[in-house]
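J.:
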Amino acid sequence: MKNIIFGLYFVFSLVGCAGTYQMKASDSLSSYNAKTVHVINQGGNSKDMDDHVARALIARGFKVSDGLPTQTVPKTDLLVKYTDSWFWDVTMYLKAVEVTFYDRNGNILASGEYNNHPFFHGYPEESEVVQKIIDGIVEQMGKAKLQKQAAAKP
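Taking the numbering used here, the leading residue of the sequence shown gets 11, the next gets one more, and so forth.
#1: DSSP beta-bridge partners for residue 110?
#2: On the three-state DSSP scale, how would you describe residue 234?
#3: Which one of 143, 125 and 49 has the shortest CA to CA distance from residue 86?
#4: What is the rounded straight-line gap between the Cα of residue 180 and the Cα of residue 109?
#5: Please report the straight-line C-alpha distance between residue 107 and residue 100, rounded to a whole angstrom.
#6: Report the option in 60, 73, 38 and 67 whose CA atom is closest to the CA atom of residue 146.
#7: Tell me whether residue 102 is buried or exposed, calling it buried when 16 or more other Cβ atoms sit within 10 Å of its Cβ.
#8: With distances taken from CA atoms, which of 89, 76 and 96 is nearest residue 128?
#9: Can you tell me the Cα-Cα spacing of residue 88 and residue 116, whole angstroms?
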């Protein structure tokens with residue numbers, strides 16, 4: 011009986027570690043000051059994700075516009091694109107999502123991604139996943155600015 015309980019505990023502890031996050035930032039991020047963002051929506055099946063990305067950016071203080079890739083992009087400080095991947099297991103769950111910040115010239119400034127473990131996956135709340143990614147990227151932006159300021163001091 012103890013072995014069964016220990017086995018179940020082990021399996022459930024692995025399920026808790028189902029998703030991983032990774033953030034990346036370019037060197038040019040330290041000189042970037044952004045207040046306005048345009049989200050390039052995916053539309054279709056990802057309408058909820060379009061909303062989650064916009065809400066996460068608004069929560070971090072950005073003024074947000076959005077539109078489909080075929081629409082004219084307004085003049086903003088940043089462009090944000092995301093890709094999401096879903097999988098079926100009794101119900102649909104978020105398998106992966108990547109959010110990328112671009113400057114106006116199309117250069118990548120930063121990106122963050124979430125990957126759900128393929129076997130011991132969880133059923134994450136997608137709005138929380140997106141918020142965590144956006145928070146991580148914005149924190150990277152702040153760290154890059156602080157590092158640049160520290161390097162500039164005599």
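Every residue gets a Cβ at the ideal spot worked out from N, C-alpha and C, and that includes glycine.
T.: On the basis of the coordinates in this document:
#1: 91 and 121
#2: Because the chain here runs from 11 to 164, residue 234 falls outside it and cannot be looked at.
#3: 49
#4: The requested residue 180 does not occur in the structure, where the chain is confined to residues 11 to 164.
#5: 20 Å
#6: The shortest C-alpha separation from residue 146 is found at 67.
#7: exposed
#8: Residue 128 has its Cα closest to that of 96, out of 89, 76 and 96.
#9: 9 Å
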